[in-house]
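*Asks:* Starting off with a structure, shown below.
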Amino acid sequence: MAYNLSNQLTVIHVHGEDANKFLQGQLTNDINKYNDTQSQLSAHLNNKGRIIANFIILSTQKNDYFLITPKNIEATILPRLKMFVLRSKVTIEVSDLIPTLDNNHTQDKASYKIGNQYLMLTDNIANLEQINDSEWHKLLVDNNVPFIYLETSQQIIPQQINLELMGGVNFQKGCYTGQEIVARTHYLGKVKRRLVEFTSSTKPEIGQTITSPTIDNQEIGFVVDYYQENNNYHGLASLQLDYISDAQLSNQKIECIPVAQEEANA
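So for the sequence shown, numbering that gives the first Met the number 0 puts the first residue at 0; every next one is plus one.
Written out as structure tokens, the structure is:
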């Protein structure tokens with residue numbers, strides 16, 4: 000079964016003879032290392048190094064890229080990227096291609112694997128079933144894929160959702176917006192806040208504050224994503240690791256486990 004994700008995701012098409020050069024100066028990853036029929040994780044940051052939006056990037060040729068990101072961030076990130084075009088020969092627009100999820104991988108198509116499913120793009124909506132929000136968020140959470148939504152935009156740096164461990168940050172590439180903070184954290188500082196899995200009996204909301212009674216109920220992070228299963232909620236959060244043992248959501252204790260990942264070559 001193939002699913003239509005057009006209600007959940009938007010596809011931003013960046014193309015033109017300067018597209019590679021443009022994205023190289025705007026995203027955390029090295030677009031010049033993108034390989035055909037594969038994929039790449041990346042993010043666009045503000046000047047303080049905080050993520051405005053993150054992307055799954057698909058492409059089959061140089062200077063022609065599709066940036067896939069949550070639909071509710073489109074109105075924020077599209078004009079933001081366009082602001083940096085200036086005299087570059089690049090076009091940035093919302094694509095008509097449909098993001099789809101399929102357990103059958105077509106070898107000649109660029110794709111990104113999430114669990115046993117492949118995220119791909121198509122122009123043919125025949126035989127596509129619209130996925131519901133709960134199924135989509137469950138797939139993301141169960142496979143530790145942390146999208147940034149409008150509710151969490153400009154709140155954290157890439158390391159605080161493990162983006163560099165997933166291969167979404169390249170520390171050898173040239174300058175990009177927000178690079179100084181990200182690089183300084185990588186080379187000089189310990190990252191105290193990381194991606195965490197949690198289970199709660201209390202309904203969360205994306206972006207909702209998580210607190211700790213150990214430090215007088217001060218904020219230790221927020222909800223990144225979640226889904227409901229029976230009477231419980233399972234989700235991802237960006238949390239200070241020192242306080243996850245007594246983390247609380249709406250003054251109710253939640254169970255947290257750090258997401259363990261090996262660092263990719265980035």
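Note that the Cβ used here is the ideal one computed from N, Cα and C, for glycine as well.
In this text, all values refer to a predicted model and were calculated from it rather than measured experimentally.
If you draw a straight line from the C-alpha of VAL168 to the C-alpha of LEU80, how long is it?
*Replies:* Indexing the sequence shown from 1 puts residue 168 at position 169. Indexing the sequence shown from 1 puts residue 80 at position 81. In a straight line, the C-alpha of VAL168 is about 18 Å away from that of LEU80.
*Asks:* For SER152 and GLN159, I'd like the C-alpha separation in whole angstroms.
*Replies:* On the sequence shown, residue 152 is found 153 positions in, with the first residue counted as 1. On the sequence shown, residue 159 is found 160 positions in, with the first residue counted as 1. Each residue's alpha carbon lies about 13 Å from the other.
*Asks:* If you follow the beta strand (DSSP E) that ALA246 is part of, which residue opens it and which one closes it?
*Replies:* In the sequence shown, counting from the first residue as 1, residue 246 sits at position 247. Segment: none, ALA246 is in no beta strand (DSSP E) and carries neither H nor E.
*Asks:* For PRO78, does the count of other Cβ atoms within 10 angstroms reach 16, so buried, or fall short, so exposed?
*Replies:* Taking the sequence shown and counting its residues from 1, one reaches residue 78 at position 79. Under this definition PRO78 is an exposed residue.
*Asks:* Assuming contact is defined by CB atoms lying nearer than 8 Å, are PRO203 and TYR225 in contact in what I supplied?
*Replies:* Here residue 203 corresponds to residue number 204 of the sequence shown, with the count starting at 1. Here residue 225 corresponds to residue number 226 of the sequence shown, with the count starting at 1. Closer than 8 Å, so yes.
*Asks:* What's the C-alpha gap between LYS108 and LEU26?
*Replies:* Taking the first residue of the sequence shown as 1, we reach residue 108 at position 109. Taking the first residue of the sequence shown as 1, we reach residue 26 at position 27. Rounded to the nearest angstrom, the two C-alpha atoms are 23 Å apart.
*Asks:* If you check the beta carbons only, do THR121 and LEU100 fall under 8 Å apart?
*Replies:* As a working note, residue 121 is residue 122 in the sequence shown. As a working note, residue 100 is residue 101 in the sequence shown. Contact flag unset, no.
*Asks:* Taking only three categories from DSSP, how would you classify PRO78?
*Replies:* Translated into positions along the sequence shown, residue 78 becomes position 79. PRO78 falls in the helix class under three-state DSSP.
*Asks:* From GLY48 to SER110, what does the alpha carbon distance come to, in whole angstroms?
*Replies:* Counting from one through the sequence shown, the residue named residue 48 turns up at place 49. Counting from one through the sequence shown, the residue named residue 110 turns up at place 111. Each residue's alpha carbon lies about 28 Å from the other.
*Asks:* Quick one: using the 10 Å Cβ neighbour count with 16 as the cut-off for buried, is ASN280 buried or exposed?
*Replies:* Nothing in the structure corresponds to residue 280, since the chain is present only between 0 and 265.
*Asks:* If I measure Cβ to Cβ from GLU73 and keep anything under 8 Å in the same chain, skipping five residues before and after, which residues do I get?
*Replies:* Numbered from its first residue, the sequence shown carries residue 73 at position 74. Excluding residues within five positions, the ones whose Cβ falls inside 8 Å are THR9, ILE11, VAL93.
*Asks:* Here's a check: name, in chain order, each residue in its chain whose Cβ is nearer than 7 Å to the Cβ of PRO157, leaving out the five neighbours to either side.
*Replies:* Residue numbering aside, residue 157 sits at position 158 when the sequence shown is read from its first letter. Cβ neighbours of PRO157 beyond the five flanking positions: THR27, ALA42, ILE50, GLU163, GLY167, VAL168, VAL181.
*Asks:* Determine the contact status of ILE209 and ILE219, defining contact as a CB-CB distance below 8 Å.
*Replies:* Counting from one through the sequence shown, the residue named residue 209 turns up at place 210. Counting from one through the sequence shown, the residue named residue 219 turns up at place 220. Yes. Within cutoff.
*Asks:* So for ASN142, helix, strand or coil by DSSP?
*Replies:* Position 143 of the sequence shown holds residue 142. Residue state, collapsed to three classes: coil.
*Asks:* Short check: CB of ASN6 to CB of ILE124, under 8 Å?
*Replies:* As a first step, residue 6 is located in the sequence shown; it is residue number 7 there, counting from the start. As a first step, residue 124 is located in the sequence shown; it is residue number 125 there, counting from the start. In this structure, ILE124 does not lie closer than 8 Å to ASN6 by Cβ.
*Asks:* Do you know how far the Cα of PRO212 is from the Cα of VAL13?
*Replies:* As a first step, residue 13 is located in the sequence shown; it is residue number 14 there, counting from the start. As a first step, residue 212 is located in the sequence shown; it is residue number 213 there, counting from the start. Their Cα atoms are separated by approximately 46 Å.
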